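As structure tokens, the structure follows; a few thoughts come after it.
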Amino acid sequence: MKFFALGLRPFLSLCMGLCAALSTAASLAHDLPPATLQALRQANVPPSAISVQVTPLGSATPRLAHRAQVAVNPASVMKLITTYAGLSLLGPDFIWRNRVYADGPIKDGVLQGNLIVRGSGDPKLVIERLQDLMAQLNALGLRDVRGDIVLDRSVFEITPRTEAFDDEPLRPYNVSPDGLLLNFKALIYTFTPDASTGQVAVRVEPPLADFDAPRSVPMGNGPCQDWRSQLRADFSQAHQVRFSGSYPASCGERPWPVAYPSPEVYGSKLIQAAWLANGNRLGGQVRYGSLPAKARLLLEAPSLPLGEVIADINKFSNNVMAQQLFLTMSSDMGAPGRFEASRLRVLQWWRQQLPAQDEPVLDNGSGLSRTERSSAQALTALLQSASNSPHAQAFQNSLSVAGVDGTSARLRDRNPNSPVIGQAWLKTGSLRDVASVAGFVQGQSGQRYAVVAIINHPNANQARPALDQLLEWTVRDTNNTDSPRTVAKRQRQ
């Protein structure tokens, strides 16, 4: 009998543990709206993999909280911390100042010396603005540089990554930040079928010096499916791209953005092409270097204001622009921008702005990270704070309007009749095992809510409909006055 008791005790303990776990799982399930729970089941994602908080603006009492205090990977929703901190610390009118110098005399349009382009960390120095900068130099009378064009990017101090995120080095989201970031270090290949020739024209932008790509590829038949693979692109030689496949005519015109395979030379190739495009002359080379002490300022090219820049960061989830802003929050202190210094400054800001909330785990400020963490509760508090700040409108304007623009425009494709369309201002996030959404939702009652929902699970992106259902439940607040737990209990009776 004693032997039986000794053997039974571990068995009973195991049963009690299993019962407690099942009870906890059931409790977690009851915290969620039924439609959200059903969508999670269909994606084979347990309720324990999602964190949610829905809180009326101006209230400290959540309408819904489910695992809200758990620190999870928020993916690109992390950009909300970076952009709100940027607005608070730098202000919406902050601008980056790109400057051009000369270290020799200019006479009759000829510079006897070097031309120095000093970057400021500008997140959006795209080809159009670079071409305008070159035109301004021509307007000053400069046409011939007998020395070199020197590119100074020392405003940031960055250790280059040795590996691309998720082993996708040619995805534009993998572009690394740079003190002189030019056109996101990317090329756009545009494919346009021409039925009259049976060929597909290939256009590459922007122009790069010493770069070659085919002007056309064969036109293929069949459906437009994995057309990128069908092209059989070879990017192994950065200066010479080849397509050995074909492009389906059924695809129509399509762009293909690709990160330049040799990012360390992209800036020099782009500057050289932009300078020579106007008939200008260059005696030396384009190279990286530092601003000489004796150089004199020729012109200043200001960036777009921060209030506009964060719209690109949040609406289109631009990772490198977010990292440029993150680094600027330490370079603005007078020393070169470094990730560690920016992490310290943003955390100091967090302690002052949100002292009652757990601090986030910061990496590069973009959400393109496996280590960044925050909770639905903390991010909801950030949204509440932003909605009450002097920069509330600039912050909301940076968010994607649900079903209308930016990354949340895809909501219309998933459900064209969703009541959320046009009634929410959102930041979405997506990694291989993360799906998230956060922002402001306008309820049918007139009440506005801060909403955060984050799924961390291998099937996270198959469960995005669950996030859509949560947003719909929030919008329909006039028809859902009961809590999800009360609704679930009523359905079981």
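For the sequence shown, the residue numbers in mature numbering (1 follows the signal peptide of the UniProt record, and there is no 0) are -29 to -1, 1 to 464.
We put the beta carbon where it would ideally sit given N, CA and C, even for glycine.
All values reported here derive from a predicted model rather than from experimental measurement.
Beta-carbon spacing of residue i, residue j below 9 Å
i	j	result
Ser207	Pro232	yes
Leu3	His37	yes
Asn85	Ala230	no
Asn90	Asp137	Residue 90 is actually Gly in this sequence, not Asn. No, the Cβ-Cβ distance between Gly90 and Asp137 is not below 9 Å.
Ala42	Ser345	yes
Leu269	Ala106	no
Val375	Ile392	yes
Ile21	Gly260	no
Asp328	Ala352	It is worth fixing the name first, because residue 328 is Gln in this sequence and not Asp. Result yes, Cβ atoms of Gln328 and Ala352 sit closer than 9 Å.
Asp272	Arg68	Rather than Asp, the amino acid found at residue 272 in this sequence is Ala. Taking 9 Å as the Cβ cut-off, Ala272 and Arg68 qualify as a contacting pair.
Ala349	Leu325	yes
Ile120	Pro226	no
Met304	Gly57	no
Pro131	Glu343	no
Arg447	Gln415	yes
Asn432	Arg403	yes
Asn154	Leu253	no
Ile52	Leu333	yes
Val212	Ala184	yes
Asp115	Asn251	yes
Ala373	Ser389	yes
Gln440	Gln40	no
Supposed contact pair residue j and residue i - C-beta distance, whole angstroms, cut 8 Å
i	j	result
Ser47	Leu122	At roughly 30 Å, the Cβ-Cβ gap does not stay under 8 Å, so Ser47 and Leu122 are not in contact.
Thr161	Val171	No, Thr161 and Val171 are not in contact; Cβ-Cβ is about 10 Å, not under 8 Å.
Leu245	Gln102	The amino acid occupying residue 245 in the given sequence is Ala; Leu does not appear at that position. Sure, about 6 Å apart at Cβ, within 8 Å.
Leu339	Asn290	5 Å
Leu113	Leu82	6 Å
Trp444	Ala6	7 Å
Gly336	Phe297	3 Å
Pro436	Arg385	7 Å
Ser274	Lys95	7 Å
Ser92	Leu277	According to the sequence as given, residue 92 is Gly; it is not Ser. About 12 Å; that fails the 8 Å criterion.
Arg309	Glu128	5 Å
Reduced DSSP secondary structure (H/G/I, E/B, other) of residue i
i	result
Ser301	helix
Pro436	helix
Ala431	helix
Gln413	strand
Gln13	helix
Ala318	Sequence inspection shows Leu at residue 318; the Ala mentioned does not correspond to that position. Here Leu318 sits in helix by DSSP.
Arg203	coil
Ala(-1)	Unreliable placement is indicated for Ala(-1), whose pLDDT of 45 sits below 50; the coordinate value is still reported in the next sentence. Looking at Ala(-1) - three-state DSSP - the assignment turns out to be helix.
Leu182	Note on identity: in this sequence residue 182 is Phe, with Leu being the wrong assignment. Coil.
Thr449	coil
Ser217	coil
Ser147	coil
Trp444	helix
Leu122	strand
Thr(-6)	Note that Thr(-6) scores 40 on pLDDT, short of 50, meaning its location in the model is unreliable; the coordinates nonetheless yield the value given after this. Helix.
Gln170	strand
Gln211	strand
residue 475	Absent from the structure is residue 475, since the part of the chain shown begins at -29 and ends at 464.
Leu108	helix
Ala6	helix
Leu(-12)	Summary for Leu(-12): the model assigns pLDDT 45, below 50, so the residue's position carries little reliability; its value from the coordinates is reported in the next sentence. In this structure, Leu(-12) counts as helix in the three-state DSSP scheme.
Asp137	helix
Asp329	coil
Asp103	helix
Cβ-heavy atom distance, residue i to the ligand GDP, below 8 Å
i	result
Pro189	The model depicted lacks the ligand GDP and carries no ligand whatsoever.
Closer than 9 Å to chain C by CB, residue i
i	result
Ile77	No chain C is present in this structure, which holds just one protein chain.
With a floor of 4 residues, list each alpha helix (DSSP H) that falls wholly inside the stretch 331 to 400, ordered by position along the chain.
Listed in chain order, they are 347 to 358, 363 to 368, 381 to 385.
Report yes or no: do the stretch 423 to 437 and the stretch 398 to 414 share at least 3 C-beta pairs separated by less than 8 Å?
Segments in contact, yes.
Of all the alpha helix (DSSP H) runs that stay within the bounds of the stretch 15 to 101, which reach a length of 4 or more residues?
As for any alpha helix (DSSP H) of minimum length 4 sitting wholly inside the stretch 15 to 101, the runs are 50 to 61, ordered along the chain.
Could you say if the stretch 280 to 297 and the stretch 352 to 370 meet the contact criterion of at least three C-beta pairs nearer than 8 Å?
Inter-segment contact for the stretch 280 to 297 and the stretch 352 to 370 is present: three or more beta-carbon pairs are separated by less than 8 Å.
Start-end ranges of the beta strand (DSSP E) lying completely within the stretch 229 to 301, minimum 3 residues
Whole beta strand (DSSP E) segments, 3+ residues: 257 to 259, 267 to 273.
Taking one C-beta from the stretch 211 to 231 and one from the stretch 182 to 196 each time, how about it: are there three or more such pairs within less than 8 Å?
Cβ pair count under 8 Å is three or more, so yes.
Segment contact, 8 Å Cβ cut-off, at least three pairs: the stretch 13 to 28 with the stretch 424 to 438
Output reads yes: the stretch 424 to 438 touches the stretch 13 to 28.
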